[in-house]
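Student:
Numbering (my numbering), first residue to last: 68 to 404.
1) Take residue 37 and list the residues in its own chain whose beta-carbon comes closer than 7 Å to its own, dropping the five residues that flank it on each side.
2) How many angstroms separate the CA atom of residue 266 from the CA atom of residue 294?
3) Quick check: the Cα distance between residue 219 and residue 366, rounded to an integer number of angstroms?
4) For a test of the three-state rule: what should DSSP assign to residue 111, helix, strand or coil?
5) How should residue 73 be labelled, buried or exposed, when 16 other C-beta atoms within 10 angstroms of its C-beta is the threshold for buried?
6) Output needed for residue 208: all residues of its chain with C-beta closer than 6 Å, excluding positions within five of it in sequence on either side, in chain order.
7) For residue 87, which residues of its own chain have a beta-carbon under 6 Å away from its beta-carbon, when the five flanking residues on both sides are left out?
8) Between 93, 108 and 157, which has its C-alpha nearest residue 145's C-alpha?
9) Could you pull the start and end residues of the beta strand (DSSP E) that residue 370 belongs to?
10) Determine, using beta-carbon pairs with one atom in the region 319 to 329 and one in the region 164 to 178, whether at least three such pairs fall under 8 Å.
11) With DSSP as the reference, label residue 283 as helix, strand or coil.
12) Hey, is the region 301 to 318 in contact with the region 250 to 261, meaning 3+ C-beta pairs nearer than 8 Å?
13) Here's the rule I'm using: 16 or more other beta-carbon atoms within 10 Å means buried, otherwise exposed. How should residue 387 be labelled?
14) What's the call for residue 182, buried or exposed, on a 16-neighbour Cβ count within 10 Å?
15) Determine the direct distance from the alpha carbon of residue 89 to that of residue 253, and round the result to whole angstroms.
16) Within 10 angstroms of its Cβ, does residue 118 collect 16 or more other Cβ (buried), or is it exposed?
17) Please state the DSSP three-state secondary structure of residue 246.
18) Give the C-beta separation of residue 226 and residue 342 to the nearest angstrom, bearing in mind that I take them to be a contact with Cβ-Cβ under 8 Å.
19) State the Cα-Cα distance for the pair residue 103 and residue 381, rounded to the nearest angstrom.
20) State the DSSP-derived secondary structure class of residue 106, mapped to helix, strand or coil.
21) How about the region 189 to 204 and the region 118 to 130: do they share at least three Cβ pairs that are nearer than 8 Å?
22) Please identify the residue among 352, 363, 317 and 320 whose C-alpha is closest to the C-alpha of residue 338.
23) Does the CB of residue 243 have a neighbour CB from chain B at under 9 Å?
24) In whole angstroms, what separates the C-alpha of residue 155 from that of residue 99?
25) Looking at residue 305 and residue 52, is the spacing between their C-beta atoms short of 9 Å?
26) Taking buried to mean at least 16 other C-beta atoms within 10 Å of its own C-beta, is residue 397 buried or exposed?
27) In terms of residue numbering, what span does the beta strand (DSSP E) encompassing residue 205 cover?
28) To test your reading of the DSSP string, which unbroken alpha helix (DSSP H) runs of 4 or more residues are found completely within the region 335 to 370?
29) Should residue 110 be labelled buried (16 or more other beta-carbon atoms within 10 Å of its own) or exposed?
30) What does DSSP give as the partner residues of residue 231 in its beta bridges?
31) Can you tell me the Cβ-Cβ gap for residue 136 and residue 210, rounded? I've got them flagged as a contact below 8 Å.
32) Helix or strand or just coil, what does DSSP make of residue 78?
33) Could you check if residue 268 belongs to the surroundings of the ligand HEM, using beta carbon to heavy atom distance under 8 Å?
34) Please go through the same chain and pick out, in chain order, the residues whose beta-carbon is closer than 8 Å to the beta-carbon of residue 84, but skip the five residues on each side of it.
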């Protein structure tokens, strides 16, 4: 079922999204939560598919949270799990597919843009603000993995976002420009740009075809890969987290899109992020340095950092005993008053 907020534009006149109606998540459905499929539009004219999770028997207007990520995942994976867990704790929560991925619209498929993806979060806030069961001045967002950085970017641009959680976050432009642990060089980056520029010329007449490559199938791992590479495979390539529409579970992003991270940065003006922020990272996460360095840029006494003992990067995708949902809910309850 597709529902529209009262008075909202019927964007399905532009694009009729085809959304799976049966439960096809990688996690079990909660009996404490009502679930429905919806769509909303961003200001680029793209329609985004989302799942709404709402506490059963909820009355009146609720505080709401929009969730997205990890980068390359779909709403049937980690973001849906987060949204459902927050609904169990009293919030109306939506998990959405970013533009060009999953069940959302946009051509070509499986590409990304910092500007458009930042707008995706703001569009989710537009949608929530117009729902009759949401208190419009009590809206927060959650970004997981690469979407943690995008969430902070959106919150710095949009004061309507009263509280933001970045869980196991990546700074994608930092990785795109300098590689993991900042070990890349400007020459390596330029060489990659040359290769992709040549690919653009070739694919202009054929359309985008070459992919950057998804996660390695578990049976192809040698054991010599970095731990985090093996951890990604253990999530995206097994029953634990595999989904047929997930970019990371399959062929990966279109290679042409990769230059999109090489000349951008998140939080160009961190001083504009005045509302509350919680950054959550695992003690053993390879990406921990990105969250800690980002936290140092933030100002104000409404910023928090939680380091989860013993947790890796992907533990915070779906391990219910390690994701600090109660502390995340307490953070939202405090700042979405």
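The beta-carbon is built from N, C-alpha and C at its ideal position, and this holds for glycine as well.
Tutor: In short, the structure shows the following:
1) The chain is shown from 68 up to 404; residue 37 falls before or after that span and cannot be answered.
2) When rounded, the distance between both Cα atoms is 31 Å.
3) Looking at the two C-alpha atoms, the distance is approximately 13 Å.
4) It is coil, neither helix nor strand.
5) Here the model assigns residue 73 a pLDDT of 38, short of 50, so the residue's position is not dependable, and the following value carries that caveat. So residue 73 ends up on the exposed side.
6) Same-chain partners within the cutoff: 133, 188, 218, 228 and 231.
7) Within its own chain, no residue has a Cβ closer than 6 Å to the Cβ of residue 87 once the five positions on either side in sequence are excluded.
8) Each of 93, 108 and 157 was checked against the Cα of residue 145, and the nearest Cα belongs to 93.
9) Segment 370 to 375, the beta strand (DSSP E) holding residue 370.
10) In short, these stretches touch, since the Cβ pair count reaches three.
11) The three-state secondary structure of residue 283, taken from DSSP, is coil.
12) They do not touch, by the three-pair rule.
13) In this structure residue 387 is exposed. Its beta-carbon is surrounded by fewer than 16 other beta-carbon atoms within 10 angstroms.
14) Here residue 182 is exposed: its Cβ has fewer than 16 other Cβ atoms, across all protein chains shown, within 10 Å.
15) Whole-angstrom Cα-Cα distance: 47 Å.
16) Counting Cβ neighbours within 10 Å, residue 118 comes out buried, since at least 16 surround it.
17) In the structure shown, the three-state DSSP call for residue 246 is coil.
18) A Cβ-Cβ distance of about 7 Å is found for the pair residue 226 and residue 342, placing them in contact under the 8 Å criterion.
19) If I take the Cα positions, the gap works out to 27 Å.
20) Look at residue 106 here: in three-state DSSP terms it is strand.
21) Touching, yes.
22) Nearest to residue 338 by alpha-carbon distance, out of 352, 363, 317 and 320, is 363.
23) Given the protein chain composition of this structure (a single chain), no chain B is represented.
24) Residue 155 and residue 99: Cα-Cα distance of roughly 6 Å.
25) Because the chain is modelled from 68 through 404, residue 52 falls outside the range shown and cannot be assessed.
26) Exposed is the call here.
27) Where residue 205 is concerned, the enclosing beta strand (DSSP E) stretches over 201 to 211.
28) If we require 4 residues or more, the alpha helix (DSSP H) runs fully inside the region 335 to 370 come out as 355 to 364.
29) Looking at its Cβ environment, which holds fewer than 16 other Cβ atoms inside 10 Å, residue 110 is exposed.
30) In the DSSP secondary-structure assignment, residue 231 is bridged to 208 and 344.
31) At roughly 5 Å, the Cβ-Cβ gap stays under 8 Å, so residue 136 and residue 210 are in contact.
32) With a pLDDT of 37 at residue 78, under the threshold of 50, the predicted position of this residue should be treated as unreliable, though the coordinate-derived value follows. In the structure shown, residue 78 sits in a helix (DSSP, three-state: H, G or I).
33) Of ligands this structure carries none, so the ligand HEM is not represented either.
34) The beta carbon of residue 84 lies closer than 8 Å to those of 69, 106, 114, 116, 170, 171 and 172 in the same chain, with the five residues before and after it left out.
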